[in-house]
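Down below is the structure, laid out as structure tokens.
So, in structure tokens, the structure goes:
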């Protein structure tokens, strides 16, 4: 860089053009107030190579989902996320399946907060199954039921605190404007004029998700989010999330969105981890198919 000018050199004209486009995108994003970090740069480079940079740029400079309590606009960062928010706005029920770090929960909370601020709903109800991950068990945790369940709901609190700040979020919870509870607490209720978010839905059976879906009352919307590669249910219980997507996907007013590793917006290493596990699963499935295929007799 000399005299406020940047000279770009590369092994080919194609690579130079990619670099120039990425640099132009970074300047636009910086000018709009977007935080520029290594993960953003990495994502733009990938999109430039895949020919998606222009569309990604439009997304990141586009529609604001809501404004966080510190005044920072919350926007979509990938094409997949844009389609997800569009589905949230247009459908009574949205089912979003995708790997960790794709913004499934965060964007659903952001959209719910915006709807509450606009007066489109009266309450936000957020829930997730109180299913133990790995070796953890509720019975071994100290405290009463509420204290035992609270750690499983903590990710929902974290997203809310980002939107409102801890103090305001707590006041809204005390007034009943925001409710966070285990999924089992939804049984027998009719939930009207609210946005209902069921997080970690891969850890609910089909019958449980059916129970939740039939809680919807007048003026309400629901979103189910989950990662079908991270199921913590006992082996005797099947996850209902994929089945829900298959059974309900063709109904008008129900949207099914599938996010991929391309939509991971956490640390770059998370995207690489997701890719590595996807590759391992694909190789495992290929081996299983080979072992199941009939072998020719000699």
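Numbering (full-length UniProt numbering), first residue to last: 1 to 298. A virtual CB, placed ideally from N, CA and C, is assigned to each residue, including glycine.
Contact between the segment 85-98 and the segment 251-260 is present: 3 or more CB-CB pairs across the two stretches fall below 8 Å. The continuous alpha helix (DSSP H) containing residue 22 extends over residues 13-31. Three or more beta-carbon pairs drawn from the segment 15-28 and the segment 39-55 are found closer than 8 Å, and the two stretches are therefore classed as touching.
The distance from the Cβ of residue 61 to that of residue 88 is about 20 Å, inconsistent with a contact at the 8 Å cut-off. Judged by DSSP in its simplified three-state form, residue 61 adopts coil rather than helix or strand. When the alpha-carbon of residue 57 is set against those of 66, 34 and 73, the nearest one is in 34.
Between residue 193 and residue 218 a beta carbon distance of about 7 Å is seen, short of the 8 Å cut, so the two are scored as contacting.
Here the C-alpha atom of residue 198 lies approximately 31 Å from the C-alpha atom of residue 52. DSSP places residue 211 in the uninterrupted alpha helix (DSSP H) bounded by 206-213.
Residue pairing by DSSP puts residue 223 in a beta bridge opposite 94 and 197. Assignment of residue 181 by DSSP, reduced to helix, strand and coil, places it in the strand class.
Using a Cβ distance threshold of 7 Å, residue 116 and residue 124 count as a contacting pair. DSSP, read as helix, strand or coil, puts residue 5 in strand.
Listed as beta-bridge partners of residue 255 by DSSP are 94. As computed with DSSP, residue 126 is found in a beta bridge with 180 and 197.
Under DSSP, residue 66 forms a beta bridge with 74. Look at residue 233 here: in three-state DSSP terms it is coil, with no helix or strand label. Excluding five sequence positions before and after residue 238, the CB atoms of its chain that fall closer than 8 Å to its own CB belong to 205 and 206, given in chain order.
If you draw a 10 Å sphere on the C-beta of residue 288, you find fewer than 16 other C-beta atoms in it, and that means exposed. By the 16-neighbour rule on beta-carbons within 10 angstroms, residue 104 is buried.
Nearest neighbour of residue 229 by Cα position, chosen from 254, 282 and 187, turns out to be 282. Within its own chain, the residues whose Cβ lies closer than 7 Å to the Cβ of residue 163, once the five positions on either side in sequence are excluded, are 66, 68, 69, 109, 110 and 113, listed in chain order. Rounded to the nearest whole angstrom, the C-alpha separation of residue 83 and residue 274 is 21 Å.
Beta-bridge pairing by DSSP links residue 216 to 191.
With a cutoff of 7 Å on beta-carbon distance, residue 270 and residue 77 are scored as not near each other.
Contact between residue 154 and residue 200 is absent: CB atoms are separated by about 12 Å, not below the 8 Å threshold. For residue 40, the enclosing alpha helix (DSSP H) begins and ends at 38-50. If you ignore the 5 residues before and after residue 16, its C-beta comes within less than 8 Å of the C-beta of 8, 9 and 10, all in its own chain and listed in chain order. In the displayed model, residue 102 falls within coil according to three-state DSSP, outside both helix and strand.
Contact check for residue 263 and residue 80: beta-carbon distance about 4 Å, within the 8 Å limit, so the pair qualifies.
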